Amino acid sequence: MLELEVCKTKFKKFRGLMFSKKKNLLFVLDKEEKFNAGIHMLFVFYPIQVIWLDYRFKIVDIKRMLPFISFHIPKQKAKYIVEFVSKQNNFKFGDKFNLERFLR
76 MLELEVCKTK
86 FKKFRGLMFS
96 KKKNLLFVLD
106 KEEKFNAGIH
116 MLFVFYPIQV
126 IWLDYRFKIV
136 DIKRMLPFIS
146 FHIPKQKAKY
156 IVEFVSKQNN
166 FKFGDKFNLE
176 RFLR
């Protein structure tokens, strides 16, 4: 079963996975955005896979990111960002990703 730690506060969103142990994170943005939905890998010591979702939970971008060197802005506006510590091969652009149980 998938476990996600929800990041809603500004501090949790800023810190993300920096200096942390491996865990999956869900970022909830205040509104759909493109540039403020960018992800960097400074002080993240392991690779991650990131998916960006719009307000309908549709995947709008997918990116494998490497420690310290990666930075990515999604191709489209996103409302939700999910960071996985292991590579997920079962996602495709346009797929729906059910996050409702994490948003209660």
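In the working numbering, the protein residues as written are 76 to 179.
Just so you know, even glycine gets a beta-carbon here, dropped at the ideal spot from N, CA and C.
This one's a predicted model, so the numbers in the text were calculated from it and none came from an experiment.
field: Top-ranked residue by Cα proximity to GLU108, from LEU128, HIS115 and TYR121
entry: With distances taken between Cα atoms, GLU108 lies closest to LEU128.
message: Excluding the 5 residues flanking LYS138 on each side, which residues of the same chain have their C-beta closer than 6 Å to its C-beta?
response: VAL125 and HIS147, listed in sequence order.
- prompt: Over what stretch of residues does the beta strand (DSSP E) that includes GLU80 continue unbroken?
  reply: Element bounds for GLU80: 80 to 82.
- prompt: What three-state label does DSSP hand LYS154 in the structure shown?
  reply: Here DSSP, grouped into helix, strand and coil, assigns LYS154 to strand.
- request: Determine the closest residue to LYS96 out of HIS115, VAL119 and LYS83, with distance taken between C-alpha atoms.
  value: Of the candidates HIS115, VAL119 and LYS83, the one whose C-alpha sits nearest the C-alpha of LYS96 is VAL119.
field: Exposure of ASP136, with buried meaning 16 or more beta-carbon neighbours within 10 Å
entry: Buried, by the Cβ-count rule.
- prompt: Rounded to a whole number of angstroms, what is the C-alpha to C-alpha distance between MET140 and MET116?
  reply: Per the coordinates, the alpha-carbon of MET140 lies some 7 Å from the alpha-carbon of MET116.
field: Beta-carbon gap between PHE166 and ILE134 smaller than 8 Å
entry: In this structure, ILE134 lies closer than 8 Å to PHE166 by Cβ.
Nearest neighbour of GLU175, chosen from PHE132, PHE143 and LEU100 [CA to CA]: Comparing Cα positions, the closest option is PHE132.
task: With a threshold of 16 other CB atoms inside 10 Å of the CB of ILE156, please say whether the residue is buried or exposed.
output: Classified as buried, ILE156 has 16 or more neighbouring CB atoms from the shown chains inside 10 Å of its CB.
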